[in-house]
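Colleague: Those sequence lines, one after another, are chains A and B.
Here the first sequence is numbered in my numbering, starting from 157 and rising by one per residue.
Here the second sequence is numbered in my numbering, starting from 682 and rising by one per residue.
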Amino acid sequence: MGLLDTLLGRTKPVPPNLDQLFALPGALLTLEAATDFRPTGTGSVCFRAAEGRAFADIEKDVTDLLNMGKDAAPVQVVTDSYQFTWVVVRHSADDPEGLVTDLHAVNSSLESAGFGPQLLCTIVACKDTGGRSLGLVYLYKRGTFYPFAPLSGERRDNALELQMRSTLADDLKVESDLGRWMPIWGAPGM
Amino acid sequence: MARTRYASDPGLIARMGATMFLLGLVFVGFGAGLAFLILYYSHGKSGGNVSDSGLIIFAAIIGIGSALATYYWSDKIALNTARARVVSPNDSPEAARLHAIVDRLCAMANMPKPRVAIAPTQMPNAFATGRSSKVAVVCATEGLLAKLEDNNELEGVLAHEMSHVAHKDVAVMTVASLLGVIAALMVRFAFYSELFGGRGRNNNSQAALLIIPIMVLSVVVYAISFLLIRMLSRYRELSADRSGALLTGQPSALASALVKVTGDMGRIPTRDLRAAEPLNAFFFAPAIARRGQQSMSTLFSTHPSLERRLAELQKVAKQLNRQ
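1) Take Arg915/B and list the residues in its own chain whose beta-carbon comes closer than 6 Å to its own, dropping the five residues that flank it on each side.
2) Run through the stretch 161-197 of chain A for me and flag every whole beta strand (DSSP E) of 3 or more residues, listed as ranges in chain order.
3) Please classify Gly745/B as buried or exposed, where buried requires at least 16 neighbouring CB atoms within 10 angstroms.
4) Considering only residues of the stretch 894-947 of chain B, which uninterrupted alpha helix (DSSP H) runs meet the minimum length of 4 residues and lie entirely inside it, listed in chain order?
5) When Cβ atoms are compared, which residues of the stretch 926-947 of chain B fall closer than 9 Å to chain A?
6) Measuring straight from C-alpha to C-alpha, what distance separates Gly286/A and Val170/A?
7) Determine which residues of the stretch 273-296 of chain A have a Cβ less than 8 Å from any Cβ of chain B, and write them out in chain order.
8) Does DSSP classify Gly973/B as helix, strand or coil?
9) Thinking just about the alpha-carbon of each residue, which of Gln931/B, Ala921/B and Ala934/B is nearest to the one in Thr167/A?
10) Hey, out of Phe907/B, Leu928/B, Leu939/B and Ala934/B, whose CA is closest to Met701/B's CA?
11) Does Ser265/A get closer than 9 Å to chain B when you measure Cβ to Cβ?
12) Measuring CB to CB, does Ala206/A end up less than 9 Å from Gly291/A?
13) Would you grab the beta carbon distance between Val243/A and Val280/A for me? Rounded to a whole angstrom, and I think it's under 8 Å.
14) Rounded to a whole number of angstroms, what is the C-alpha to C-alpha distance between Arg990/B and Gly208/A?
15) What are the partner residues of Val783/B, as DSSP defines its beta bridges?
16) Would you check if the distance between the CB atom of Val838/B and the CB atom of Gly925/B is smaller than 9 Å?
17) With DSSP run on the structure shown, which of helix, strand or coil describes Thr285/A?
18) Of all the residues that make up the stretch 180-191 of chain A, which are near chain B by a beta-carbon distance shorter than 9 Å?
19) Around the Cβ of Ser844/B, are there at least 16 other Cβ atoms within 10 angstroms (buried) or fewer (exposed)?
20) Please check the pair Glu842/B and Phe808/B, which I expect to be a contact at CB under 8 Å, by giving their CB distance rounded to whole angstroms.
21) Using a Cβ-Cβ cut-off of 6 Å (strictly less than) and excluding sequence neighbours within five positions of Pro793/B, which residues of its own chain qualify?
22) How far does the alpha helix (DSSP H) with Gln995/B in it extend, from its first residue to its last?
23) Pull up the DSSP beta-bridge partners for Ala798/B, would you.
24) Using beta-carbon positions only, say whether Ser982/B and Val851/B come within less than 9 Å of one another.
25) Would the beta-carbon of Thr810/B fall within 9 Å of that of Ala759/B?
26) Which of the three DSSP states, helix, strand or coil, is assigned to Ser200/A?
27) Tell me which residues of the stretch 826-857 of chain B have at least one Cβ-Cβ distance to chain A shorter than 7 Å, keeping chain order.
28) Please confirm whether any heavy atom of the ligand ATP lies closer than 8 Å to the CB of Thr196/A.
29) If you run the structure through DSSP and keep just helix, strand and coil, what is Ile340/A?
30) Please name the residue or residues paired with Phe240/A in a DSSP beta bridge.
31) Can you confirm whether the stretch 294-311 of chain A touches the stretch 692-706 of chain B when touching is taken to mean that 3 or more C-beta pairs between the two stretches lie within less than 8 Å?
32) Answer with yes or no whether the minimum CB distance from Phe211/A to chain B is below 9 Å.
33) In the DSSP output, which residue or residues are listed as bridge partners for Asp233/A?
34) Between which two residues does the alpha helix (DSSP H) harbouring Thr983/B extend?
35) Taking Val897/B as the reference, which of Leu718/B, Val709/B and Arg911/B has the closest Cα?
36) Report the three-state DSSP secondary structure of Pro306/A (helix, strand or coil).
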C-alpha cells in the first residue's frame, strides 16, 4: 500500500499469487524420492466466503465445474468453525497434476469473478508409512509455501516441519518468516 | 473487473482529504498570524519580544515533544491505561480464540501479526495501536469477548481495529492534534504570562499588548482545529469500518457487532409516544429526531453515529454483491 493510500485510508485488498501452485507436482516427486511421504490425493482450497448472492453463485458454479466429468469422489464444500470455507478435491494418489489443475480452477474462477482477495490458502495432504500427516500449505497472499505437521491434541511436529523446509527448499518457494507458518487445525483431508 | 468489488469510496476519500487540507491550512494560517503579530508589535520595541517569542518556542517545543512521546510509546501507554495484559494462545480458551482470529486476519491482509492483549474491563471495546508493525498490539476487553460469541462479529471488530494500524491512524491523528495542542498551550502560557508578568511591563505597554492578540488567535485556532480534528477522526473511523468489512467480506457481521456493542437495544424507548410528545419541545435534540437532522452532539463526537456507520456498511454489502 503506497503512502498516499495509507494516509487516505484507502486499503487495497491483497491480490492472490496463483502461479506458484504449479511447482507442487515437482515438490511431491522430491518428497517421494527423499522421504517416506506420499500424497494422499486430497487437496483443498480455503477461502473466506463473502456475503451475498454473487459469491454464493460463484461457489456453486465452481463446485459444478469440478464435478463435471468426474467419475471419482465428488467435490466437498465444508465450513469450519471460523467460518472459512474449504473446497475439498479428491483425486487418485498418483495424479498430482490433475489435483493441482483442479485446485487452480477453483482459484481462477474466484479471481475472475472479482473475489480473488477472499482466497486464504491451499493445502495438499501427504502421509507416510508411519501414519504421520504432512500438509503442504500455500499462502496466496505471500506466494509461498510452508509445511504443516499436526500431531494429536493441537500440537505440531516442529522438528519435522523444519526438516521438510530444507528438503523442499529447491522445489518450492518456502516462507522465510516462521511467524507466518499459521497452524490449520482440523483442515479437511489431514 | 477484479478491482471493482473492493474499490474505495471516492466520496469519503475526498471529504477526508479536504479535512486534512483544511487542518494544514489552519496550521499555516496560525504560523503566519503569529509571525505577523510578532513583527507588527515588536517593530522598534525591545525587551518584550524576547519573552514573547520565547513563549511561542517554548509552547511549540512542549507541544511537539509531548506529541512525539505519545506517538513513540503509544502501545505502552494504551496497554497501561487499559490495564491490559499481552496473552499467548495457551493462556486461556479466550486467548486461543482471539489468537486464531487474528492469525487468519493477518494471513488475509498479509500483515505481520501484532501482539494480542486482553483487558479486564466488562465494557465491550477493542483497540489496536502502535507506531509500527513491530510494536503493534491489538486488544479486546473481556466484556467484548463475552458479548460477541459469534466469531464472525468478533472478527469484524478486530478487522476494523487492525485497519487503524494499517492506515497509520496513530501517526495521522497525532500530527492533526498537534496544532490543537500547541494552540491550547499557547493560550495557557499567554494567560499566565499576562497574569504574572504584567507588573514588570509598565514601560513596555506595547509589548504587553502582544499577549492579547496571541491569546485571541490561539483560542480561535484551537476552536477551529478541535472541530476539524473531530471530523477527521470520524472519517478515519468510517474508513476503518470499510476496510475491515472488505477484508472479511462480511459487512453484516460488523454491523451486527456494532449494534450489540453500542447498546442501541437499550436505547429503544419504553415510554409511550403519546406521553413523550409534549416534552419534545424541551429536548435539545428531539426525542424523535426528524429525518436527516444532524444532532449537535455529532459535531463533537470522535465516532460517527451508529446510523451512519450502518448505512456505510450497507453500501459495502451492495458493492460485494454486485453481479
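Just so it is clear, CB atoms sit at the ideal spot from N, CA and C, and this is done for glycine as well.
None of the values given here were measured: they were computed from a predicted structure.
Modeller: Inspection of the coordinates gives the following:
1) Pro985
2) none
3) Reading off the sequence, residue 745/B comes out as Ile, not Gly. The residue in question, Ile745/B, is exposed, as its Cβ has fewer than 16 Cβ neighbours within 10 Å.
4) 932-942
5) Leu927, Leu928, Thr929, Gly930, Gln931, Pro932, Ser933 and Ala934
6) 39 Å
7) Listed by position along the chain: Pro273, Gln274, Leu276, Cys277 and Leu295.
8) With a pLDDT of 41 at Gly973/B, under the threshold of 50, the modelled position of this residue cannot be trusted; read the value that follows with caution. When DSSP states are grouped into helix, strand and coil, Gly973/B belongs to the coil group.
9) Ala921/B
10) Cα-wise, what sits closest to Met701/B is Phe907/B.
11) no
12) No, they are not a contact pair.
13) Not a contact, Cβ separation roughly 13 Å.
14) So the two alpha carbons sit approximately 19 Å from each other.
15) The partner list for Val783/B (beta bridge, DSSP) is empty, contrary to what the question assumes.
16) yes
17) coil
18) none
19) buried
20) Contact flag correct, Cβ pair sits at about 6 Å.
21) Excluding residues within five positions, the ones whose Cβ falls inside 6 Å are Ser814.
22) Leu987 to Leu1001
23) Val767/B and Cys820/B
24) no
25) yes
26) strand
27) Asn832, Asn833, Ser844, Ala847, His848, Lys849 and Val853
28) In the structure shown, the ligand ATP is absent, as is every other ligand, since no ligand is present at all.
29) coil
30) Arg204/A
31) Between the stretch 692-706 of chain B and the stretch 294-311 of chain A there are fewer than three C-beta pairs closer than 8 Å, too few to call the two in contact.
32) With 9 Å as the cut-off, Phe211/A counts as an interface residue toward chain B.
33) The sequence given here has Val at residue 233/A, not Asp. Val233/A pairs with Val243/A.
34) Segment: none, Thr983/B is in no alpha helix (DSSP H) and carries neither H nor E.
35) When each option's Cα is compared against that of Val897/B, the closest is Leu718/B.
36) strand
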